Amino acid sequence: MDFNDTPEEASFRARARAFLAAEAQPKGTGRPTLRLGGMVGEEVTRCKAWQAKKADAGFAGITWQKRFGGHELSPIFQVIYNQEEEDFTVPRGLFEIGLGMCIPTMMTYAQPEQLDRYVQPALRGEEVWCQLFSEPAGGSDLAALRTKAERDGDEWVINGQKIWTSGAHLSDFGIIVVRTDPNVPKHEGLTFFFLDMRSPGIEIRSIHQMSGTRHFNEVFFTDVRVPDSQRLGQVGQGWRVSLTTLMNERLAVGDPARPDVDDLVALSRSLVIDGQPAIRNQATRERIAEWYARAQGLKFTKFRTMTALSKGETPGPENSIHKLVNASKLQDIASYGMDLMGEAGMVIDDDLVEAWGMFQSALLSSPSARIAGGSDEILKNIIAERVLGLPADIRVDKNRAFNTVPTGNR
Amino acid sequence: MNFDFSDELKHVRDHARGFLAGECPPSLVRRSLDGDEAYSATLWKEIAALGWVGAAIPEAYGGAGLGYEGLCVLAEEIGRAVAPVPFGSCAYLAAEAILLAGTEAQKREFLPGLADGSTIGCFALAEGNGNPSPTAIRARVTNGELTGVKWPVADGGIADIAIIAARDDADEIGLYLVRCRAIDRKTLRTVDPTRDQSRFDCDEVPAEKLPAATGWDAVQRLMDRAAILFAFEQVGGADASLEMAKKYAMERFAFGRPIGSFQAIKHKLTDVYVALELARSNAYYGAWALTADAAELPLAAATARVSATDAFHIASKENIQTHGGVGFTWAFDCHLYYRRSKQLGLRLGGAPFWKNRLVDLIETRNAA
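Chains A and B, in that order, give the protein sequences.
So the first sequence is residues 1 to 410, counted in my numbering.
So the second sequence is residues 411 to 778, counted in my numbering.
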């Protein structure tokens with residue numbers, strides 16, 4: 001065992017580090033970036049500028065084909081870049097879905113001339129993409145979605161509603177899965193498209209979240225017309241295309257969330273319980289040790305994945321472990337940190353709150369981490385069925401025409 | 411980045427797994443459980459002949475020179491099979507203590523016997539209730555004779571030599587080698603009869619010091635290194651428990667379907683899988699630290715230990731739960747793992763001790 005890069009990996013890492021050192025702010029030199037509000041104008045501009053800079057320096061589309069502006073490197077190099085970027089504060093949060101999920105799906109299913117048109121602008125951060133999957137009646141049960149598309153000559157007409165669409169209001173294009181045949185079982189009646197988010201008939205409303213912020217949206221479709229040429233995959237094959245998108249979701253690397261166990265250690269040193277720093281308290285120590293062991297376990301699990309990647313293996317459903325563990329850890333550390341503050345823990349006044357308010361902020365935002373992009377429960381099903389090999393659940397809707405299956409709240 | 415065992419060691423692991431599946435079935439483990447034998451002398455001779463006990467002992471002292479990563483993969487298989495042999499006592503503790511603190515002459519005298527299995531060693535640290543601590547060491551050596559009470563001593567009843575933590579007249583803690591036949595030994599009843607545990611009443615027994623490393627630091631260093639190897643045993647036991655639970659969940663039907671198709675079982679077993687994967691990854695880091703003798707070893711050891719104790723505890727208890735009533739019977743093998751998980755979880759200090767140590771080390775690291 002060793003943690004050494006190959007010469008090729010080492011030189012790539014050095015290049016990435018030099019680029020970041022020259023262009024980005026090292027982490028830990030200021031207050032952590034907290035996504036307290038939805039993304040606003042100047043933040044969008046900063047994100048776009050950063051993406052263009054990354055593309056110019058050769059760190060965008062690391063694994064993509066050269067004809068799309070990529071570099072055709074193995075996924076290990078993407079992991080190496082991400083590792084280096086973790087040490088810096090960079091404007092993030094606008095392109096993860098587009099570059100991580102939408103464009104890879106396009107690459108699998110779109111026509112060459114469409115790829116020539118769309119990939120490069122996305123890679124350079126000039127155009128933003130969103131993913132229109134979830135619906136009020138189809139979240140964890142995604143294939144129960146009801147937004148419909150009906151064929152009209154060379155076009156399709158979309159009516160219905162999507163929900164939980166990150167960044168819909170900032171997006172130029174979107175990928176969407178809709179029902180084109182309600183008379184067959186649910187997985188068989190879906191079709192996949194990409195569309196212009198400025199098409200007539202699209203209305204976007206932000207969702208006021210329990211954290212007080214507005215990151216997600218509802219998107220309403222009223223007679224929205226999409227050309228058949230923007231269909232991805234065959235009619236009725238939308239579920240299979242969706243799985244391509246979701247596979248890519250698992251590969252996308254999330255932001256390391258704060259507060260982490262190091263933040264809790266720092267807090268425990270500064271707070272006093274019974275006349276001594278909280279970190280001297282046995283109960284606190286045991287909690288810190290448990291979270292530290294979990295965080296390290298995930299870190300080294302990633303190293304094991306990197307080893308597999310560098311041998312040319314493809315990451316599989318076992319990667320669901322990262323979000324599953326991290327989301328709950330974030331919520332629990334946030335809550336425990338506030339517990340250590342006592343009654344004062346509830347206060348979020350800027351001039352009184354500890355640690356820039358990151359514990360309180362995470363308390364209110366972390367419930368979404370356990371739901372978005374596959375809830376804890378769905379991730380556990382995936383691991384149980386696809387990693388452990390346990391039998392699939394019995395489904396009462398599997399062989400029934402979709403329009404005879406109760407959905408939503410009925 | 412190569413954070414995996416080599417193909418050669420994977421081959422060693424697969425061979426060990428196959429060998430133990432044949433030679434160490436639950437029926438063999440049950441001979442110790444039922445009190446028919448303190449350990450399996452037959453299995454012990456076989457694995458010693460295969461070079462397992464001496465895996466990390468240098469060839470100059472009769473070992474196989476397979477290195478610590480080799481010992482780690484073997485430890486995992488010993489744990490998977492709940493093998494009723496004094497593997498840890500000999501390979502991770504007695505031999506390691508001599509390598510750590512013995513003179514050249516002591517290494518030459520004792521290591522070959524440990525490596526070939528003809529000498530069984532043990533490590534005597536605890537003196538009754540309480541987790542490891544320098545203040546808990548009261549055994550004393552005066553003029554080369556050791557007096558004190560040690561319990562529980564794992565494999566103490568079957569050992570030929572014991573490494574005993576004791577103080578000298580200057581109050582300095584050290585490691586002493588004692589021949590067990592001079593000790594008044596009594597077998598203790600425990601929650602896991604598949605491992606011998608004894609009480610040592612030492613009354614002026616001849617003791618020779620292992621002089622090359624002294625003080626509590628030497629004891630802690632020995633414990634740290636052993637903790638990584640025990641973590642591999644725990645990972646092996648947890649993996650076996652999860653496999654058992656999975657197999658049963660697929661074969662057992664209730665309400666007209668395999669119980670493994672219910673989310674209550676799926677989510678439970680996924681929780682076990684998660685704990686096990688984290689523990690395995692932390693153990694791998696420990697294997698690296700052990701092999702590289704890295705400065706990070708103490709923190710890696712505490713982390714591996716905390717993670718592995720948690721994983722084996724969850725895996726063994728949820729294995730019983732998945733089996734339902736039959737899991738609570740003497741006849742089913744679930745309890746072999748449940749007992750072993752508690753025994754290993756207490757070895758060289760329970761979870762609170764290792765969690766405390768982990769935070770001590772984080773504090774030291776942050777202060778540096």
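Glycine residues also receive a C-beta, built at the ideal position from the N, C-alpha and C atoms.
Quantities reported herein were computed from a predicted structural model and do not represent experimental measurements.
The three-state secondary structure of Ala617/B, taken from DSSP, is strand. The C-beta distance from Ala636/B to Gly696/B rounds to 11 Å, too long to meet the 8 Å contact threshold. In the three-state reduction of the DSSP assignment, Lys162/A falls in the strand class. When beta bridges are read from the DSSP output, Asn541/B appears opposite no residue. Counting only the Cα atoms, Gly212/A lies some 12 Å from Ala362/A.
If you draw a straight line from the Cα of Ala592/B to the Cα of Leu443/B, it is about 28 Å long. In the three-state reduction of the DSSP assignment, Thr105/A falls in the helix class, which pools H, G and I. Residue contact check for Gly312/A against chain B: no CB pair falls below 7 Å. Thr774/B carries a helical assignment under DSSP once its states are collapsed to helix, strand and coil. Chain-order list of chain B residues neighbouring Glu286/A: Pro762, Lys765, by C-beta distance under 7 Å. The beta carbons of Gln161/A and Val219/A sit about 7 Å from each other, so the pair counts as a contact at 8 Å.
A straight-line Cα-Cα distance of about 40 Å links Arg231/A and Glu8/A. Within 7 Å of the CB of Gly523/B, no CB atom of chain A is found; the nearest one sits about 31 Å away. Distance between Thr545/B and Lys517/B, taken at the CA atoms: about 29 Å.
If you compare the alpha carbons of Ala617/B, Thr624/B, Ala564/B with that of Asp581/B, the shortest gap goes to Thr624/B.
Excluding five sequence positions before and after Gly69/A, the CB atoms of its chain that fall closer than 6 Å to its own CB belong to Gly61, Gln120, Leu123, given in chain order. The region 470-484 of chain B makes contact with the region 688-703 of chain B; the number of CB pairs closer than 8 Å reaches 3 or more. Straight-line measurement puts the Cα of Leu620/B at about 14 Å from the Cα of Glu555/B. If the five residues before and after Glu706/B are omitted, its C-beta is found closer than 6 Å to the C-beta atoms of Ala699, all from its own chain and listed in chain order. Interface criterion not met: the Cβ of Ile103/A is under 7 Å from no Cβ in chain B. Within the region 543-607 of chain B, the runs of beta strand (DSSP E) at least 3 residues long that lie entirely inside it are, in chain order, 550-552, 555-564, 571-577, 583-589, 594-597. Boundaries of the alpha helix (DSSP H) harbouring Asp116/A: 112-123, taken from the DSSP string. Rounded to whole angstroms, Ala384/A and Ser242/A show a C-alpha spacing of 21 Å.
Contact annotation, Gly647/B with Arg490/B: C-beta distance approximately 7 Å; criterion of less than 8 Å satisfied.
The C-alpha of Phe742/B lies about 9 Å from the C-alpha of His733/B. Secondary structure of Gln234/A (DSSP, three-state): coil.
As the crow flies, the alpha-carbon of Asn729/B is around 11 Å from that of Asp649/B. Between the region 491-501 of chain B and the region 717-727 of chain B, the count of C-beta pairs closer than 8 Å stays below three; the two stretches do not touch. Relative to Gly531/B, the option among Pro496/B, Ala549/B, Arg548/B, Leu510/B whose CA is nearest is Pro496/B. Phe221/A: member of the beta strand (DSSP E) spanning 217-227, first to last residue. No Cβ-Cβ contact shorter than 7 Å links Arg287/A with Met358/A. One thing to note: Thr305/A has its Cβ within 7 Å of the Cβ of Pro315/A. Looking only at Ile176/A, Ile163/A, Lys186/A, the smallest Cα-Cα distance to Ala144/A is reached by Lys186/A.
Every unbroken stretch of the alpha helix (DSSP H) spanning 4 or more residues and falling wholly within the region 729-758 of chain B is given here in chain order: 744-756. Glu618/B and Val551/B have their C-alpha atoms spaced approximately 9 Å apart.
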